[in-house]
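Have a look at the structure below before the remarks.
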Amino acid sequence: MNCTAVRDRLTERALGAVPADDAQALDRHLAWCAACRKEAGELDRAVTTFAFALAPADPPADLEDRVVANVQEVAAKRLPQGARRGKLAVALAVAGMLAVSGLGWGAVMAGKAARSEDLAHQAQKQQQDGLERISTLIKSSEFDDPSNEVFLGTLAADAPGATAAGSALTLASPSTPDIAIVMINGFDAVASKDALPFRVFLVAGPRQRLRLGKIKALDSGGGAILSRQFELDLARYTGVEVLDKDDHVVLQGSVSLRPSITTPSP
Amino acid sequence: MEGLLAGDDVAVRAIYARFGRPVYTLGLRLLGTREAAEELTQDVFLTAWRKAARFDATRGRLSTWLMTIAHNLAVDRLRRETGVTRPTLVLVDEVPERAGIDEGAVILERDAAVRALESLSDAERRLLARAYFRGLTAREIAEADGIPLGTVKTRLRAALIKVRRANEGKEPS
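Those protein sequence lines, which keep their order, are chains A and B.
Sequential numbering from 4 applies to the first sequence in the working numbering.
Sequential numbering from 732 applies to the second sequence in the working numbering.
See below:
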């Protein structure tokens, strides 16, 4: 969806007169496009006027207490921060192991003198399967919050004939820290040695980069996994870049929302 | 907002004191019953708590954020409840007598909002009300009125921009 198409719908969006699917698509664009977001914000503010112009009605006197009790009850169910982090670390480790054991990319790639694009494609497909499994893990674990948004995507190299590829997953959650996982593979472990360390960034626009971490070494399959949790909203970081030590982009791609993951269970 | 996130009693009460009535009023007017308005108010504050970490004060006002949540939840509910007769609403209606209650800030806020809407023609107010209160899309309005879709979009946008200009510097924070 480009800016022209988005702006055509912003008035209706502000008025709450677009279907939920369309609103989601618009919001994804607004997450990274500052110009459209500014326009949307101004229209939203104008629409807020309508609610304040209504003749005020008196809520029942006890509604305030009920609202406060309700919020406190739900807030109290949140796990303490330390416990959550511990569980998160375990879950991430399990997710990583699941992905690696499922992929077996070392077996696929190791010992191959010439890595064809087909092999890289196959490994990437396996990576994607691994990330799908992580999505399932997230869905079935303590992260099971209907408001969670899981973003998935693949990373590719610009260079023709390059065998390196990657996959990325981000989890944006209102109730737990957000998580990003990036997996790369297909690099020539020997030839890439001089290009290390790789630095991995999440990207929210032309000037907004969030450092995910550094890859100092590759495994025998020319791959690595990087994961990190953030105390900020990752939903608008839809780009992923992997840079070598000279700041050349070696892999890049974007993640997009996986609607099936965000749908609450019946 | 950090207080809201933690479920802090004082923080939730402070936000309720400021926005509880407008949220309830919107629920009552859109959904038609006190019970539905109370449920909506509960849902709005719970949703606000769940999304509090994502509220960015540098990107928008708290009032806009909360009232947008309220309106979206109310419209979603109306859409789910097929067969519900939606009330016919206008953007500006009469203020009932409210003697004896000191509500200076609320009255000033409403006055500002009403003045902003007075910058619109009757036709513009009716058009915006059909979208905002009834959830009609521009296409649905165009088909009902037999006018081009582009015309409806242009009119909606022009009307909203008028409100925005009339509102500049006067909106609630």
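The C-beta atom is built at its ideal place from N, Cα and C for all residues, glycine as well.
Here the structure is a predicted model, which means the values were calculated and not measured.
Three-state class that DSSP yields for residue i in the structure shown
i                      : result
residue 217 of chain A : strand
residue 773 of chain B : helix
residue 21 of chain A  : coil
residue 798 of chain B : helix
residue 44 of chain A  : helix
residue 112 of chain A : Residue confidence is low: residue 112 of chain A scores 37 on pLDDT, short of 50, so the model does not pin down where it sits. Its coordinate-derived value is still stated next. Looking at residue 112 of chain A - three-state DSSP - the assignment turns out to be helix.
residue 236 of chain A : coil
residue 254 of chain A : strand
residue 89 of chain A  : Residue placement at residue 89 of chain A is poorly supported in this model, since its pLDDT is 45, which falls under 50; the coordinates are not used for a value here.
residue 841 of chain B : helix
residue 212 of chain A : strand
residue 118 of chain A : Low local confidence applies: a pLDDT of 45 at residue 118 of chain A is under 50, so the model's placement there is unreliable, and no value is given.
residue 36 of chain A  : coil
residue 50 of chain A  : helix
residue 807 of chain B : helix
residue 146 of chain A : Reliability of the predicted coordinates at residue 146 of chain A is poor, the pLDDT of 49 falling under 50, and the value obtained from them is presented with this limitation in mind. Residue state, collapsed to three classes: coil.
residue 856 of chain B : helix
residue 786 of chain B : coil
residue 3 of chain A   : Nothing about residue 3 of chain A can be read from this structure; chain A reaches only from 4 to 269.
residue 248 of chain A : coil
residue 12 of chain A  : helix
residue 271 of chain A : Because chain A spans 4 through 269 in this model, residue 271 of chain A falls outside it and cannot be assessed.
residue 191 of chain A : coil
residue 94 of chain A  : Unreliable placement is indicated for residue 94 of chain A, whose pLDDT of 48 sits below 50; the coordinate value is still reported in the next sentence. Residue state, collapsed to three classes: helix.
residue 792 of chain B : coil
residue 864 of chain B : coil
Residue span of the beta strand (DSSP E) that contains residue i, given as start and end
i                      : result
residue 73 of chain A  : Note, residue 73 of chain A: premise wrong, no beta strand (DSSP E); alpha helix (DSSP H) at 66-79.
residue 174 of chain A : 168-175
residue 871 of chain B : It is not in any beta strand (DSSP E) - residue 871 of chain B instead sits in the alpha helix (DSSP H) that spans 869-876.
Where the alpha helix (DSSP H) containing residue i begins and where it ends
i                      : result
residue 746 of chain B : 740-762
residue 898 of chain B : 880-898
residue 183 of chain A : Element bounds for residue 183 of chain A: not the alpha helix (DSSP H) but the beta strand (DSSP E), 181-188.
residue 849 of chain B : That residue, residue 849 of chain B, is in no alpha helix (DSSP H); it is neither H nor E in DSSP.
Beta-bridge pairing of residue i - partner residues as DSSP gives them
i                      : result
residue 201 of chain A : A/218
residue 159 of chain A : A/168, A/255
residue 228 of chain A : A/186
residue 243 of chain A : A/205, A/256
residue 152 of chain A : A/175
Residue i: contacting residues in chain E (beta-carbon distance under 8 Å)
i                     : result
residue 71 of chain A : Judged by its chain identifiers, the structure shown contains no chain E, and its protein chains are A and B.
Using a Cβ distance threshold of 8 Å, determine whether the segment 33-41 of chain A contacts the segment 57-67 of chain A, with at least three qualifying pairs required. With a cut-off of 8 Å, the segment 57-67 of chain A and the segment 33-41 of chain A do not count as touching, because too few Cβ pairs lie within range.
Between the segment 759-772 of chain B and the segment 13-33 of chain A, do at least 3 Cβ pairs fall closer than 8 Å? Contact fails between the segment 759-772 of chain B and the segment 13-33 of chain A, because fewer than three Cβ pairs, one in each stretch, are under 8 Å apart.
Cβ contact check for the segment 794-812 of chain B and the segment 739-759 of chain B: 3 or more pairs under 8 Å: At 8 Å Cβ cutoff, the stretches touch.
Assess, as a yes-or-no matter, whether the segment 165-180 of chain A is touched by the segment 206-214 of chain A under the definition of 3 or more beta carbon pairs within less than 8 Å. No: the two stretches stay apart, fewer than three of their Cβ pairs being nearer than 8 Å.
Could you tell me whether the segment 21-31 of chain A touches the segment 48-64 of chain A, where touching means 3 or more Cβ pairs closer than 8 Å? By the Cβ test, the segment 21-31 of chain A is not in contact with the segment 48-64 of chain A, since fewer than three Cβ pairs between them sit closer than 8 Å.
Are three or more beta carbon pairs between the segment 851-859 of chain B and the segment 891-899 of chain B nearer than 8 Å? Contact between the segment 851-859 of chain B and the segment 891-899 of chain B is present, because at least three Cβ pairs lie under 8 Å.
Any contact between the segment 242-260 of chain A and the segment 185-195 of chain A? By contact I mean 3 or more CB pairs, one from each, below 8 Å. Touching, per the Cβ criterion.
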